[in-house]
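Number of protein chains: 2
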Amino acid sequence: MRTGIRSHGGTTVAPAWHHPQETAGKSPETPMATSQIEQQVMLRLSSAEVRFTKGRRLVLEAILRSDSRCSARDLYKDLEDEVPLSSIYRTLTTMSDLGIVVPHHGTGAIRYELAEWLVGHHHHLICRSCGNIEDIKLTEHTESIIDGLVSTAAEERGFIAANHYFDIDGVCASCARADNSTG
Amino acid sequence: MRTGIRSHGGTTVAPAWHHPQETAGKSPETPMATSQIEQQVMLRLSSAEVRFTKGRRLVLEAILRSDSRCSARDLYKDLEDEVPLSSIYRTLTTMSDLGIVVPHHGTGAIRYELAEWLVGHHHHLICRSCGNIEDIKLTEHTESIIDGLVSTAAEERGFIAANHYFDIDGVCASCARADNSTG
DNA sequence: GCTATGATGAGAACCGGTATCAGGTCCCAC
DNA sequence: GTGGGACCTGATACCGGTTCTCATCATAGC
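Chains as they are written, first to last, in this note's numbering: chain A, 5 to 187; chain B, 5 to 187.
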């Protein structure tokens with residue numbers, strides 16, 4: 005676990021947390037426009053001497069098109085006979101190592117979403133019933149309270165905090181309604 | 005995803021979030037003693053009409069012995085030629101459905117830890133470098149602040165919050181030291 | 001254009017987890 | 001105690017997601 009470097013028979017890059025933008029925990033107040041995101045991704049790829057090939061562009065565009073986090077298979081559905089599944093996996097691994105996308109390990113397949121430095125800092129409402137995950141942005145005031153709690157808890161233990169997860173788990177509005185009406 | 009009921013060729017039970025102790029989000033201030041946990045687990049199993057067999061007892065004891073969250077394979081290492089791997093998987097599924105253990109999907113295998121109603125509410129410091137996860141308990145005051153943030157964020161969106169995750173990701177003290185000394 | 005290096009594509013291999021099913025165990029009624 | 005039914009176990013086959021392999025292709029630099 006120490007090195008964090010994976011190969012997959014292709015490009016080998018440094019793990020995400022070696023990128024200053026991640027560890028600083030800074031992310032834009034408002035998400036970037038799609039074209040701007042593509043620019044930023046190209047920059048990061050080139051700074052890691054990784055080519056922005058057709059396959060990688062197609063995968064990135066598919067991720068941008070999809071409104072929620074997506075698995076390799078989801079992307080493959082979108083990109084069938086344009087990019088083979090193995091290349092999608094490879095691209096996701098590369099982009100994850102470069103901190104462009106973030107993997108979410110849950111039930112079933114790993115799902116990826118764009119990193120916070122591209123789409124802005126956010127949290128999640130996770131529905132236990134339908135499994136849906138809603139992204140939420142908290143107010144600046146709330147975030148500053150959370151930041152305070154994080155730094156206190158971390159500093160007390162000699163831990164260097166880089167990021168925090170503040171996710172809420174429960175039952176979403178529509179499932180709660182459905183559950184009420186069916187008993 | 006709706007029903008949450010899995011079979012696995014064995015016992016079929018209601019999913020964890022149907023148990024009042026979970027959804028109420030209440031957990032003891034201080035963790036129970038081992039024997040007391042075993043008592044509580046027996047109670048929950050019997051209330052679900054699931055037997056506390058030798059295999060299940062051995063798996064539970066192995067979980068109690070291990071100081072951190074463990075995977076089916078970890079337990080198998082401990083219980084080799086006492087409980088076969090397939091039975092360990094089955095037991096973990098059963099206990100997870102009954103809300104006795106909680107699965108953590110991460111890199112690699114699913115790792116299980118005892119549910120909060122048995123070991124108390126806690127949060128995590130996750131080291132990106134060595135992968136170690138440290139359990140931390142926050143002060144009552146801090147928890148009440150978090151509870152406030154949770155209910156505000158949830159209520160605004162018609163979401164019924166049952167639990168929250170407040171985990172901090174970064175570099176642990178020992179990895180930070182190692183990283184400094186090696187450059 | 002040539003060459004070194006990186007990237008791709010197809011498919012095999014791997015691995016964690018689940019399903020199947022025969023056989024064993026336990027509980028309860030009689 | 002014994003017979004029956006429900007539950008549980010153990011061995012193994014199977015499945016789906018992911019990674020590896022390797023031949024081939026593309027690109028940048030000379």
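Beta carbons: idealized from backbone N, C-alpha and C, even for Gly. None of these values were measured; they are calculated from a predicted model.
Put simply, of Gly124(B), Leu102(B), Ile114(B), Arg115(B) the residue whose alpha carbon is nearest the alpha carbon of Met36(B) is Gly124(B). Annotation note: the stretch 106–180 of chain B contains the following uninterrupted alpha helix (DSSP H) runs of length 4 or greater, listed N- to C-terminal: 120–123, 144–160. DSSP places Ser70(B) in the coil class of the three-state scheme, outside both helix and strand.
Selection His145(A), Ala158(A), Ile140(A) evaluated against Glu159(B) yields Ile140(A) as nearest (Cα-Cα). Under the Cβ distance rule, Arg73(B) does not count among the residues neighbouring chain A, no pair being separated by less than 8 Å. Taking the C-beta atoms as reference points, Val106(B) is found no nearer than 8 Å to Ile67(B). Approximately 13 Å separates the beta-carbon atoms of Ile41(B) and Val63(B); this is outside 8 Å, ruling out the contact. C-alpha of Ser178(A) to C-alpha of Met46(A): approximately 39 Å in a straight line. Listed as beta-bridge partners of Ser75(B) by DSSP are Arg115(B). Considering only Gln44(A), Arg77(A), Gln43(A), Ala165(A), the residue with the shortest C-alpha distance to Ile114(A) is Arg77(A). When Glu138(B), Leu118(B), Glu86(B), Glu117(B) are compared, the shortest CA-CA separation from His127(B) is found for Glu138(B). Look at the stretch 145–172 of chain A: the residues with a C-beta under 8 Å from a C-beta of chain B are Thr146, Ile149, Ile150, Leu153, Val154, Thr156, Ala157, Ala158, Arg161, Gly162, Phe163, Ile164, Ala165, Ala166, Asn167, His168, Tyr169, Phe170, Asp171, Ile172. Looking only at Leu49(B), Gln43(B), Gly103(B), Ser155(B), the smallest Cα-Cα distance to Phe170(A) is reached by Ser155(B).
Rounded to the nearest angstrom, the gap between the Cα atoms of Thr95(A) and Arg69(A) is 17 Å. DSSP, reduced to helix, strand and coil, places Asp101(A) within a helical segment of the structure shown. Chain order gives the chain B residues near Ala177(A) as Arg161, Gly162, Phe163, Ile164, where near means a beta carbon separation below 9 Å. Leu89(B) and Leu142(A) have their C-alpha atoms spaced approximately 44 Å apart. When the beta-carbon positions are compared, Gly110(B) and His109(A) come within less than 8 Å of each other. Judged by DSSP in its simplified three-state form, Asp82(B) adopts helix. Under a criterion of Cβ atoms nearer than 7 Å, the residues of chain B adjacent to Thr111(A) are, in order, His109. Here DSSP, grouped into helix, strand and coil, assigns Arg94(B) to helix. Contact between Arg55(A) and Leu102(A) fails: their C-beta atoms lie close to 12 Å from each other, not under 8 Å. Sorting Gly162(A), Glu120(A), Ile164(A), Asp173(A) by C-alpha distance to the C-alpha of Asn136(A) places Asp173(A) at the top. In the three-state reduction of the DSSP assignment, Glu53(B) falls in the coil class. Between Leu129(B) and Arg161(A), the gap from beta carbon to beta carbon is short of 8 Å. Chain order gives no chain B residues near Leu89(A), where near means a beta carbon separation below 9 Å; the closest approach is about 20 Å. Using a Cβ-Cβ cut-off of 9 Å, Ala180(B) is close to Gly162, Phe163, Ile164 of chain A, given in chain order.
Sorting Ser133(A), Ile149(A), Arg73(A), Gly59(A) by C-alpha distance to the C-alpha of Glu84(A) places Gly59(A) at the top. Taking every protein chain shown into account, the CB of Arg73(B) has 16 or more other CB atoms within 10 angstroms, so this residue is buried. Assigned with DSSP and collapsed to three states, Ala37(A) falls in coil, not helix or strand. Burial of Cys176(B) is indicated by the presence of at least 16 other C-beta atoms within 10 angstroms of its C-beta.
Among the CB atoms of chain A, one or more fall inside 8 Å of the CB of Gly174(B). Using a CB distance cut-off of 8 Å, Leu129(A) counts as an interface residue toward chain B. If you check the CB distance, Ile164(A) and Ala182(B) do not come in under 8 Å. For the options Ser133(B), Ser185(B), Thr97(B), Cys134(B), the alpha carbon positioned closest to that of Glu117(B) is the one of Thr97(B).
Residue-level contact check: Ile140(A) touches chain B, since one or more beta carbons of chain B fall below 8 Å from its beta carbon.
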